[in-house]
Amino acid sequence: MIWNIIDRRSRPYRWASINAIIEAAWHDNSVADTDVAPGVSLEDEVTYEQREGLSLHEAINWANNQACPVTLYLYDLGRGTI
């Protein structure tokens with residue numbers, strides 16, 4: 366389930382084909398001025414996953430269907446993923 370979205374697109378009106386990354390929301394706990402997310406059991410945790418060339422709608426559905434709270438990072442197609 367999505368607990369936070371970080372939009373790093375330089376072309377924010379492009380929604381048909383983007384790159385997306387999800388990480389467990391508690392990974393952001395060390396960032397200054399953050400809300401603190403609880404840790405979850407390791408069997409439910411998403412450490413890091415990425416997808417390329419999906420629509421914004423698909424990225425949101427993918428992230429929202431995770432077993433643990435996640436931060437969804439959005440990138441322009443061709444950027445942000447390894």
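Heads up, the sequence shown is in my numbering, so the first residue is 366 and it goes up one at a time. All residues carry an ideal CB built from backbone N, CA and C; glycine is no exception. Keep in mind that this is a model prediction, so the values were computed, not measured.
**OP:** Just confirm the distance between the C-beta atoms of residue 411 and residue 386, as a whole number of angstroms; I'd bet it's less than 8 angstroms.
**Re:** Rounded, the Cβ-Cβ distance is 10 angstroms, inconsistent with contact.
**OP:** Report yes if the C-beta distance between residue 418 and residue 382 is below 8 angstroms; otherwise report no.
**Re:** yes
Original post:
Over what stretch of residues does the beta strand (DSSP E) that includes residue 389 continue unbroken?
Top reply: 383 to 389
Original post:
In chain order, which alpha helix (DSSP H) runs of at least 4 residues are fully inside the region 392 to 439?
Top reply: 421 to 429
Subject >> residue 401 burial status per 10 Å Cβ neighbour count (16 or more: buried) >> reply: When all chains shown are included, residue 401 counts as exposed.
Original post:
Is any heavy atom in the ligand SAH found nearer than 7 angstroms to the beta carbon of residue 444?
Top reply: Absent from the structure shown: the ligand SAH. Ligands present: none.
Original post:
Of the choices 367, 368, 366 and 379, whose alpha-carbon is the least far from that of residue 443?
Top reply: In terms of Cα proximity to residue 443, the closest of 367, 368, 366 and 379 is 379.
**OP:** In the DSSP assignment, find the beta strand (DSSP E) that holds residue 368 and state where it starts and stops.
**Re:** Taken as a continuous stretch (DSSP letters only), the beta strand (DSSP E) holding residue 368 covers 367 to 372.
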